[in-house]
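Peer 1:
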Amino acid sequence: MLKIRDLRVNYGGIEAVKGITFDVPEKSIVTLIGANGAGKSTTLRTISGLVKPSGGNIEWNGKDITGISSDQVVKQGITMVPEGRRVFADLTVLENLKIGAYLRNDDLTEDLKWVFDLFPRLKERSWQYAGTLSGGEQQMLAVGRALMSRPEVLMMDEPSLGLAPIIVQDIFSIIRDIHEKGVTILLVEQNANMALKTADIGYVLETGRITMQGSGKELLNNEDVKKAYLGT
Amino acid sequence: MSLWQTIFPYILSGISVGGQYALIAIGYTMVYGILRLINFAHGDVFMVAGLSMVYLAASLPLYLAIPVMIILTVALGFTIERVAYKPLRTAPRMSVMISAIGVSYLLQNLALYITGGLNKNYPEIPWISDKITIFGATTTRVTVITPFVTIALVLILVWVINHTKIGMAMRAVSKDFETAQLMGIKINNVISITFIIGSFLAAIGSMLFFTNYPGVVPTSGGMPGLKAFVAAVFGGIGSIPGAVIGAFIIGICESLIKGLDTILMSQGVIAEQIGFATFSDAFTFILLIIILVFKPMGLFGEKQTDKV
Numbered sequence: 001m002l003k004i005r006d007l008r009v010n011y012g013g014i015e016a017v018k019g020i021t022f023d024v025p026e027k028s029i030v031t032l033i034g035a036n037g038a039g040k041s042t043t044l045r046t047i048s049g050l051v052k053p054s055g056g057n058i059e060w061n062g063k064d065i066t067g068i069s070s071d072q073v074v075k076q077g078i079t080m081v082p083e084g085r086r087v088f089a090d091l092t093v094l095e096n097l098k099i100g101a102y103l104r105n106d107d108l109t110e111d112l113k114w115v116f117d118l119f120p121r122l123k124e125r126s127w128q129y130a131g132t133l134s135g136g137e138q139q140m141l142a143v144g145r146a147l148m149s150r151p152e153v154l155m156m157d158e159p160s161l162g163l164a165p166i167i168v169q170d171i172f173s174i175i176r177d178i179h180e181k182g183v184t185i186l187l188v189e190q191n192a193n194m195a196l197k198t199a200d201i202g203y204v205l206e207t208g209r210i211t212m213q214g215s216g217k218e219l220l221n222n223e224d225v226k227k228a229y230l231g232t
Numbered sequence: 001m002s003l004w005q006t007i008f009p010y011i012l013s014g015i016s017v018g019g020q021y022a023l024i025a026i027g028y029t030m031v032y033g034i035l036r037l038i039n040f041a042h043g044d045v046f047m048v049a050g051l052s053m054v055y056l057a058a059s060l061p062l063y064l065a066i067p068v069m070i071i072l073t074v075a076l077g078f079t080i081e082r083v084a085y086k087p088l089r090t091a092p093r094m095s096v097m098i099s100a101i102g103v104s105y106l107l108q109n110l111a112l113y114i115t116g117g118l119n120k121n122y123p124e125i126p127w128i129s130d131k132i133t134i135f136g137a138t139t140t141r142v143t144v145i146t147p148f149v150t151i152a153l154v155l156i157l158v159w160v161i162n163h164t165k166i167g168m169a170m171r172a173v174s175k176d177f178e179t180a181q182l183m184g185i186k187i188n189n190v191i192s193i194t195f196i197i198g199s200f201l202a203a204i205g206s207m208l209f210f211t212n213y214p215g216v217v218p219t220s221g222g223m224p225g226l227k228a229f230v231a232a233v234f235g236g237i238g239s240i241p242g243a244v245i246g247a248f249i250i251g252i253c254e255s256l257i258k259g260l261d262t263i264l265m266s267q268g269v270i271a272e273q274i275g276f277a278t279f280s281d282a283f284t285f286i287l288l289i290i291i292l293v294f295k296p297m298g299l300f301g302e303k304q305t306d307k308v
C-alpha cells in the first residue's frame with residue numbers, strides 16, 4: 001500500500017500541494033481529479049522522485065520513500081507515465097519499450113509479448129521511430145514502456161489528454177485490463193467522468209488540498225462534483 | 001612533377017590533421033548533445049593530455065606512460081564535470097558556460113605554472129614516428145595511420161551508441177532528462193560516461209597530434225580545440241558523423257591552403273610565393289562564418305522542432 005501523509009510541495013515559490021493525505025490500497029484504482037493547477041501532477045511528480053517535497057511523508061509497503069531519487073522509486077516498483085506521453089521520438093518503438101526496462105537485466109520476451117498483446121499496433125510498428133506514431137499510439141507506447149519495468153504501481157498523468165473520444169475509451173479499457181493483471185493504478189485526470197467510472201476510490205483536489213473523497217460511484221453522484229467537474 | 005604528385009602530400013597531411021580534429025570534435029559534439037553545453041575546457045584537456053605524456057614519458061617506459069596518460073586524461077574530464085558542471089545542473093546555461101571558460105583558464109594557468117611557459121618536447125613514440133614513403137610522398141607513419149585509427153574509434157563509438165543499453169540511455173538523456181529519469185536512468189552517470197568517452201578520444205588525439213609537432217605549451221590546446229569546435233559546428237553540433245566529416249573537410253582544406261603557393265607555382269600559375277599559407281587559420285574561421293550564415297544548423301544538425 002502506498003500511503004501519502006500530509007504531503008507538502010513548493011513549486012517555484014508557491015505551495016502547490018498544501019498537506020494532502022491519501023492511500024492507494026494494493027490492487028486498487030485510485031484517481032485524483034481536479035482543475036488545472038490543483039496540484040495533481042505535482043503530487044505524482046513528487047511520488048516519482050522528480051520533485052522533492054517540502055514536508056510530509058510517502059510510505060510504500062511500510063517503507064519511507066520520501067524524497068528518494070527517481071531511479072530508486074522505479075526500483076521499488078512505482079512507475080509513472082508522464083503527462084503528454086513524452087515518448088523518445090528518435091528511438092524506435094522497440095527501443096522505447098526496452099528503455100522502459102532499463103533497470104532490469106533479465107529476459108524481456110514475456111513482457112514484450114504482453115505489451116504487444118495489449119497494443120497490437122505497437123507490434124506492427126516496432127521498428128518505426130516513435131515520433132512517427134499518432135497521438136493515441138504514442139500514449140499506448142508510453143503506457144507499454146512503463147509496463148516494461150514490471151511496476152506494482154502504475155501512475156498515469158492525464159492519459160486521455162488531447163486524444164479523440166474513441167481513443168480515450170480504448171485507453172480506459174486498457175487501464176482496466178492492466179488493473180486486472182494485478183497492477184495498482186494511481187490515475188490523475190481532468191476527464192473526471194471517465195476517471196470516476198473506472199476508479200475504486202477518488203479524491204478531489206482544489207488548490208493543493210483534498211476537498212472531497214469517496215468511492216468512484218459516490219463522487220459521480222455527488223451534486224458538488226457534478227456541478228464542478230462533470231458539467232451536468 | 002605532375003599536379004597529383006604535388007597535391008597528394010598535402011591531401012595526406014590534411015586527412016591526418018582532420019582525423020586528429022575529429023577525435024577532439026567528438027568530445028565537443030557529444031557533450032553538447034547531452035548537456036547543450038559548449039565545453040570550452042575540452043581543448044585544454046587535450047593540452048593537459050599532451051603535457052602529462054611529456055612528464056610521464058620522462059620517468060616511465062612508453063608502454064606504461066601511454067595507458068597512464070589516458071587514464072589521467074579521462075580522470076580529468078570526469079572530475080571537471082563533477083566539480084564544475086554538475087553543481088550547476090539546474091542553473092541557467094550561461095552559468096555553466098562561464099564555469100567552462102573558468103576551467104579552461106585554470107588548466108592553462110596551471111600548465112603555465114608547472115612548465116614555466118617553456119616548450120616541452122613531446123616524446124618520440126617509436127614506430128608511429130618513423131618516416132615512410134607512400135605513393136612517392138615521404139611522411140611519418142602517424143600521418144597514415146591517424147585516419148584509420150580515427151575511423152575505427154568512431155565506428156566503435158557509433159556502434160556503442162546505437163546498439164548497447166548505455167548508448168540507448170545516452171540517446172534518451174540527450175532528448176529528455178526528466179523522462180529518462182522516470183525510466184530509472186541515472187542521468188549523472190550517463191553524463192559522466194559522455195565526458196569519459198570525450199576525454200579518452202582527446203587523449204588518443206593528443207598522442208597523434210603532438211607526435212607531428214615539436215612540443216607542448218600551455219596554449220597548445222587553443223588552436224586545435226577551436227578548430228575541432230568549428231568542425232563540430234560545421235557538421236552540425238550534436239551529431240557525431242557530422243563532427244567527423246566536418247573535421248576531415250576542415251583538415252584537408254586547411255592543408256591544401258597551406259600548400260597552395262607550392263601547388264600553383266608547380267603549375268606555373270604564379271611565379272613566386274604569395275603567402276596563402278598565412279591564411280590557413282583564417283580560412284577555418286571564414287568557413288565557420290559562412291556556415292553559420294547559410295546553414296545555421298550545420299551539415300547534419302538537428303532540425304529545430306518547436307514544441308506546440
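Sequences listed follow chains A and B, in order.
Each residue of the first sequence is one higher than the one before, counting from 1 in this note's numbering.
Each residue of the second sequence is one higher than the one before, counting from 1 in this note's numbering.
Glycine included, C-beta positions come from ideal geometry on N, C-alpha and C.
The structure displayed is predicted, hence computed values, not measured ones.
(1) Taking the DSSP output, what are the residues bridged to residue 7 of chain A?
(2) What separation, rounded to the nearest whole angstrom, lies between the Cα atoms of residue 160 of chain A and residue 132 of chain A?
(3) From B:77, B:14, B:36 and B:109, pick the residue whose C-alpha is nearest to that of residue 252 of chain B; which is it?
(4) Would you report the Cα separation of residue 191 of chain B and residue 31 of chain B, rounded to the nearest angstrom?
(5) Per the DSSP calculation, residue 212 of chain A is bridged to which residue(s)?
(6) Counting only C-beta atoms, is residue 306 of chain B closer than 7 Å to chain A at any point?
(7) Less than 8 Å between the CB atoms is what I'm expecting for residue 44 of chain B and residue 221 of chain B, so what's the real figure, rounded?
(8) Would residue 175 of chain B count as contacting chain C if we go by Cβ distances under 7 Å?
(9) Give a yes or no on whether 7 Å exceeds the smallest Cβ distance from residue 161 of chain B to chain A.
(10) Excluding the 5 residues flanking residue 189 of chain A on each side, which residues of the same chain have their C-beta closer than 7 Å to its C-beta?
(11) Name the DSSP bridge partner or partners of residue 215 of chain B?
(12) Residues of chain B with a CB under 9 Å from the CB of residue 98 of chain A: which are they?
(13) In whole angstroms, give me the CA-to-CA distance for residue 174 of chain B and residue 215 of chain A.
(14) Can you name, in chain order, every residue of its own chain whose Cβ lies under 6 Å from the Cβ of residue 6 of chain A, other than the five neighbours on each side?
(15) Consult DSSP for residue 43 of chain A and reduce its assignment to one of helix, strand or coil.
(16) How many Å lie between residue 205 of chain B and residue 225 of chain B at the Cα?
(17) For residue 19 of chain B, name the three-state secondary structure that DSSP assigns.
(18) Name the two residues that bound the continuous beta strand (DSSP E) containing residue 57 of chain A.
(19) Relative to chain B, which residues along the stretch 52-75 of chain A have a C-beta separation below 8 Å, given in chain order?
(20) Taking DSSP's pairing of strands, which residues face residue 13 of chain A in a bridge?
(21) Any chance the CB of residue 36 of chain B is under 6 Å from a heavy atom of the ligand GDP?
(22) According to DSSP, is residue 254 of chain B part of a helix, a strand, or is it coil?
(23) Quick one: grab the DSSP three-state call for residue 66 of chain A.
(24) Going by the DSSP bridge assignment, what does residue 129 of chain A pair with across the sheet?
(25) Determine, using beta carbons only, whether residue 9 of chain A comes closer than 7 Å to chain B.
(26) Contact check, residue 58 of chain A vs residue 14 of chain A under 8 Å by CB: the rounded distance?
(27) Which of helix, strand or coil does DSSP assign to residue 183 of chain B?
(28) How should residue 111 of chain A be labelled, buried or exposed, when 16 other C-beta atoms within 10 angstroms of its C-beta is the threshold for buried?
(29) On the DSSP bridge list, what partners appear for residue 133 of chain B?
(30) Please list, in chain order, the chain A residues whose beta carbon lies closer than 8 Å to that of residue 312 of chain B.
(31) Residue range of the alpha helix (DSSP H) that residue 177 of chain A falls in?
(32) What do you get for residue 36 of chain B, buried or exposed, if any count of 16 or more other CB atoms within 10 angstroms of its CB means buried?
(33) On a CA-only basis, which of A:127, A:134 and A:75 is nearest residue 85 of chain A? Give me that one, please.
(34) State the DSSP-derived secondary structure class of residue 237 of chain B, mapped to helix, strand or coil.
(35) Drop a sphere of 10 angstroms on the beta-carbon of residue 220 of chain A, count the other beta-carbons inside from all chains shown, and report buried for 16 or more, exposed for fewer.
(36) Quick check: the Cα distance between residue 247 of chain B and residue 25 of chain B, rounded to an integer number of angstroms?
Peer 2: So, from the listed chains and residues:
(1) One-based indexing of the first sequence puts residue 7 of chain A at position 7. For residue 7 of chain A, which the question treats as bridged, DSSP gives the partners A:20.
(2) Taking the first sequence and counting its residues from 1, the one referred to as residue 160 of chain A is at position 160. Taking the first sequence and counting its residues from 1, the one referred to as residue 132 of chain A is at position 132. Taking the straight line from one Cα to the other gives about 19 Å.
(3) Along the second sequence, one-based indexing puts residue 252 of chain B at 252. In terms of Cα proximity to residue 252 of chain B, the closest of B:77, B:14, B:36 and B:109 is B:14.
(4) Taking the first residue of the second sequence as 1, we reach residue 191 of chain B at position 191. Taking the first residue of the second sequence as 1, we reach residue 31 of chain B at position 31. Roughly 8 Å separates the two Cα atoms.
(5) Taking the first sequence and counting its residues from 1, one reaches residue 212 of chain A at position 212. Its beta-bridge partners are A:204.
(6) The count along the second sequence starts at 1 and reaches residue 306 of chain B at position 306. Because residue 306 of chain B sits at a pLDDT of 45, beneath the cut-off of 50, its placement in the model cannot be relied upon, and the point is left open.
(7) Translated into the one-based positions of the second sequence, residue 44 of chain B becomes position 44. Translated into the one-based positions of the second sequence, residue 221 of chain B becomes position 221. That pair is a contact at about 4 Å.
(8) The chain inventory of the structure shown lacks chain C, comprising the protein chains A and B.
(9) For this step, residue 161 of chain B is matched to residue 161 along the second sequence. Closer than 7 Å: no.
(10) Reading the first sequence from its first residue, position 189 is the one you call residue 189 of chain A. Correct list, in chain order: 31, 33, 158, 160 and 195.
(11) Here residue 215 of chain B refers to the residue found at position 215 when the second sequence is read from its first residue. Under DSSP, the beta-bridge partners assigned to residue 215 of chain B are B:121.
(12) The residue you call residue 98 of chain A lines up with position 98 of the first sequence. Those within 9 Å of residue 98 of chain A in chain B are 165 and 168.
(13) Here residue 174 of chain B is taken as the residue at index 174 of the second sequence, counted from 1. Here residue 215 of chain A is taken as the residue at index 215 of the first sequence, counted from 1. Between residue 174 of chain B and residue 215 of chain A, the C-alpha separation is close to 42 Å.
(14) For the purposes of this step, residue 6 of chain A is taken as residue 6 along the first sequence, with counting starting at 1. Annotation for residue 6 of chain A: 19, 21 and 56 place their beta carbon closer than 6 Å to its own, counting only its chain and skipping 5 residues before and after.
(15) Translated into positions along the first sequence, residue 43 of chain A becomes position 43. The answer is helix: DSSP assigns residue 43 of chain A an H, G or I state.
(16) What you label residue 205 of chain B is simply residue 205 of the second sequence in a count that begins at 1. What you label residue 225 of chain B is simply residue 225 of the second sequence in a count that begins at 1. Those two C-alpha atoms are separated by around 11 Å.
(17) Start at 1 with the first residue of the second sequence, and residue 19 of chain B comes out as number 19. Looking at residue 19 of chain B - three-state DSSP - the assignment turns out to be helix.
(18) Within the first sequence, numbered from 1, the residue matching residue 57 of chain A stands at position 57. Annotation for residue 57 of chain A: the continuous beta strand (DSSP E) segment containing it runs 55-60.
(19) Answer in chain order: 69, 70, 71, 74 and 75.
(20) The count along the first sequence starts at 1 and reaches residue 13 of chain A at position 13. Here residue 13 of chain A is not bridged, per DSSP, to any residue.
(21) As presented, the structure is devoid of all ligands, the ligand GDP included, so that no description of it is given.
(22) Translated into positions along the second sequence, residue 254 of chain B becomes position 254. Here residue 254 of chain B sits in helix by DSSP.
(23) Locating residue 66 of chain A in the first sequence gives position 66, counting from the first residue. Assignment of residue 66 of chain A by DSSP, reduced to helix, strand and coil, places it in the coil class.
(24) On the first sequence, residue 129 of chain A is found 129 positions in, with the first residue counted as 1. A:92, per the DSSP bridge assignment.
(25) In the first sequence, counting from the first residue as 1, residue 9 of chain A sits at position 9. By this cut-off, residue 9 of chain A is not an interface position.
(26) Translated into the one-based positions of the first sequence, residue 58 of chain A becomes position 58. Translated into the one-based positions of the first sequence, residue 14 of chain A becomes position 14. Going by Cβ atoms, the distance from residue 58 of chain A to residue 14 of chain A rounds to 21 Å, so no, they are not a contact pair.
(27) The residue labelled residue 183 of chain B in the question sits at position 183 within the second sequence. Correct three-state label for residue 183 of chain B: coil.
(28) Translated into positions along the first sequence, residue 111 of chain A becomes position 111. Label assigned to residue 111 of chain A: buried.
(29) For the purposes of this step, residue 133 of chain B is identified with residue 133 of the second sequence, where counting begins at 1. Note: residue 133 of chain B is bridge-paired with B:138 in the DSSP secondary-structure output.
(30) In the structure as shown, chain B starts at 1 and stops at 308, and residue 312 of chain B therefore has no counterpart that could be examined.
(31) Looking up residue 177 of chain A in the first sequence gives position 177. Looking at the DSSP string, the run of the alpha helix (DSSP H) that includes residue 177 of chain A is 165-180.
(32) Locating residue 36 of chain B in the second sequence gives position 36, counting from the first residue. Classification for residue 36 of chain B: exposed.
(33) Stepping through the first sequence from its first residue, residue 85 of chain A is reached at position 85. The residue with the shortest Cα to Cα distance from residue 85 of chain A is A:134.
(34) Indexing the second sequence from 1 puts residue 237 of chain B at position 237. Correct three-state label for residue 237 of chain B: coil.
(35) Locating residue 220 of chain A in the first sequence gives position 220, counting from the first residue. By the 16-neighbour rule on beta-carbons within 10 angstroms, residue 220 of chain A is buried.
(36) Locating residue 247 of chain B in the second sequence gives position 247, counting from the first residue. Locating residue 25 of chain B in the second sequence gives position 25, counting from the first residue. Their Cα atoms are separated by approximately 7 Å.
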